[in-house]
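One structure below.
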Amino acid sequence: MKFKLIYINNRNLLFGIIALSINLALNLFVSPFIVRNLGVEANGYITLANNFVSYASLISVALNSMANRFITLEFVSKNYERANLYYSNVTIGNCIIGAIITIFSIFFTNYISFFLEIPNELIKDIKLLFLITFLTFSITTVTSSWNIATFLTNKLYIQSVRNIQSQFIRAASILILFYFFPIKVSFIAFSSFIAALFSVLFSLYYKKKLTPFLKASFRLFNIKTLKELVGSGIWNSVGQMGVMLLTGLDLLIANIFLGPESMGILALAKVLPTIISQLSSTVTNVFIPQITLYYGDKKMEVMHNYLEKAIALSNFIITIPIALIISLGYNFYSLWVPNQNIRLIFILCLLSLIGTIFSSGTEVLTNIFVLVNKIKINSLNIVFSGIISIIVSFVFVKYTEYGIFAIASVSSIVNVITKIVYTIPFSSKYINISWNYFYIYTFKSILSVILISLSSFLFNNLVFTEKNDWIHFFIKGFAGVIIALIINFIIYRKVLFRRNI
28 MKFKLIYINN RNLLFGIIAL SINLALNLFV SPFIVRNLGV EANGYITLAN
78 NFVSYASLIS VALNSMANRF ITLEFVSKNY ERANLYYSNV TIGNCIIGAI
128 ITIFSIFFTN YISFFLEIPN ELIKDIKLLF LITFLTFSIT TVTSSWNIAT
178 FLTNKLYIQS VRNIQSQFIR AASILILFYF FPIKVSFIAF SSFIAALFSV
228 LFSLYYKKKL TPFLKASFRL FNIKTLKELV GSGIWNSVGQ MGVMLLTGLD
278 LLIANIFLGP ESMGILALAK VLPTIISQLS STVTNVFIPQ ITLYYGDKKM
328 EVMHNYLEKA IALSNFIITI PIALIISLGY NFYSLWVPNQ NIRLIFILCL
378 LSLIGTIFSS GTEVLTNIFV LVNKIKINSL NIVFSGIISI IVSFVFVKYT
428 EYGIFAIASV SSIVNVITKI VYTIPFSSKY INISWNYFYI YTFKSILSVI
478 LISLSSFLFN NLVFTEKNDW IHFFIKGFAG VIIALIINFI IYRKVLFRRN
528 I
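Structure below.
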């Protein structure tokens, strides 16, 4: 059992990171290509369109965020009839949400120039970009309940395999469109739409294969169950709104108050911090199914030990790229977008990265509030933090010349305070662990980042002085990874190799 558990988690983690890496490589190729051919503003709208999708997702979060919990706990209890009850209501609810989003997207894209500042030569292309992006989101929302199969069976690697294949399809679509037609930013959205269609068929196949007992039925649909799901998940939706206020409005604020060019620069600066955020989610999601199963089986001591190892492993993995961005980020941007203001972009990147230094491993604790169904206060706390962040950013944008720096940094700083003051102590309390138990991993995260970034910076500047090309950049990166692995092995070895699961 122990070997199987480790094998499953390693497999889930490995495929998750591979999928993320392919997505990273594709985005790193596309962004400078768009900047060179259509300008930095055009590239910013791609990110902004995806941000608008996250705004729309607030509707679906209320229904879907607790679905995995309810269905999994019924599955563990072998109550398959109630599992189907929840599954049916989630599926039908998602169809309703998909229809609402589609109608909204048609209206919004038709009048988009009233909401955003868009150069005249890009209006038609940007309208198409937003419309296709919204339609893609509608399709994935309608079919999202099919993904419960891989969560329920703890085979998240299958989702990662799907993501890997869909990214190759997306990449091929982009290359074909860019080669045969004049370059448009809407091609990026269209390629994602094609990849999404593949993902939908893939998810349907594995849903039928892994969980044939789950079947959506209109006969099982009832308002009471839907209210139960939405009632439990509404605070997740509120919490997601808080996250949106913290991190999801930065490009929109930059567009409205500072203009499309500043928005484009900020979008480039946030590429690497966004990758870290995606990596954190990928690593965290690997552990959630098993934590949920332990909780459902009431194996609390085993869950505590597993949770601590999950935090330590998350720290081990995520602090490495954070530290390498700090030590090599300037070199990266100077090679990636050489004609832009590299100093400004790198400073904005570091400001956006502050929060992850403190919470790289403990991010997994945010799921505890969902697990124990104690999300109301947590969600309100996040919303309050988001409102504070927006107000402070607005003051800086309106009354100082440091607006773009405030947009990049304030949300990170507020997020750090929230995690330290509330998330860590209260999540620990809800699972009967001392409130200050996990603070040591915040300290270890900071220590790892400082030691790795300093060691990597000093080593590479002594060995590779005045050499800045892609070959030397990758050599520096490889050397930095070796240094990081040694440092993190020393810091985390006792927890990671402790025999207690």
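Under my numbering, the first residue of the sequence shown is numbered 28, with each subsequent residue one higher. Cβ coordinates follow ideal geometry from the N, Cα and C atoms, glycine included.
Annotation for ALA294: the continuous alpha helix (DSSP H) segment containing it runs 287-296.
Separation of LEU375 and VAL490 (C-alpha to C-alpha, rounded to the nearest whole angstrom) is 28 angstroms.
The region 48-67 and the region 288-295 touch, with three or more beta-carbon pairs separated by less than 8 angstroms. DSSP, read as helix, strand or coil, puts ASP152 in helix. In the structure shown, VAL117 adopts helical secondary structure according to DSSP, grouped into three states. DSSP places LYS471 in the uninterrupted alpha helix (DSSP H) bounded by 466-490. In the DSSP assignment, GLN267 falls within the alpha helix (DSSP H) that extends over 250-270. In this structure, ALA216 lies near PHE157, with their beta-carbon atoms less than 9 angstroms apart.
Taken in chain order, the complete alpha helix (DSSP H) segments of 4 or more residues contained in the region 313-396 are 327-363 and 369-386. In the DSSP annotation of this structure, the continuous segment of the alpha helix (DSSP H) that includes GLY430 starts and ends at 430-445. Cα atoms of LYS236 and ALA126: separation of roughly 28 angstroms, rounded to the nearest angstrom.
Linking GLN267 to SER406 through their CA atoms gives a straight-line distance of about 8 angstroms.
Secondary structure note for ASN70: its alpha helix (DSSP H) is the uninterrupted segment 67-91.
Of the other Cβ atoms in all chains shown, fewer than 16 fall within 10 Å of the Cβ of ALA199; this residue is therefore exposed. Its chain contains VAL313 as the residues whose beta carbon lies nearer than 6 angstroms to that of LEU40, once the 5 sequence neighbours on both sides are disregarded; these appear in chain order. Collapsing the DSSP output to three states places PRO209 in coil.
Across the structure, VAL298 and ARG197 are spaced so that their CA atoms are roughly 19 angstroms apart.
Contact between THR311 and SER354 does not hold, since the beta-carbon distance rounds to 25 angstroms and is not under 8 angstroms. Inclusion of LEU55 and TRP363 in the CB contact set at 9 angstroms is warranted, their separation being smaller than that value. With a 10 Å radius around the Cβ and a threshold of 16 neighbouring Cβ atoms, ARG246 comes out exposed.
Per DSSP, the continuous alpha helix (DSSP H) segment holding PRO452 begins and ends at 451-457. Taking C-beta atoms as the reference points, ALA350 and SER483 count as a pair closer than 9 angstroms.
Boundaries of the alpha helix (DSSP H) around GLU101: 94-103. For SER406, the enclosing alpha helix (DSSP H) begins and ends at 403-426. About 6 angstroms separates the beta carbon of LEU90 from that of GLY260, a gap short enough to meet the 8 angstroms contact definition.
Between ASN442 and SER412, the C-beta gap is smaller than 9 angstroms, which places the two residues in contact. Around the Cβ of ALA52, a 10 Å sphere holds fewer than 16 other Cβ atoms; the residue is exposed.
With fewer than 16 other beta carbons inside 10 angstroms of its own, ASP496 counts as exposed.
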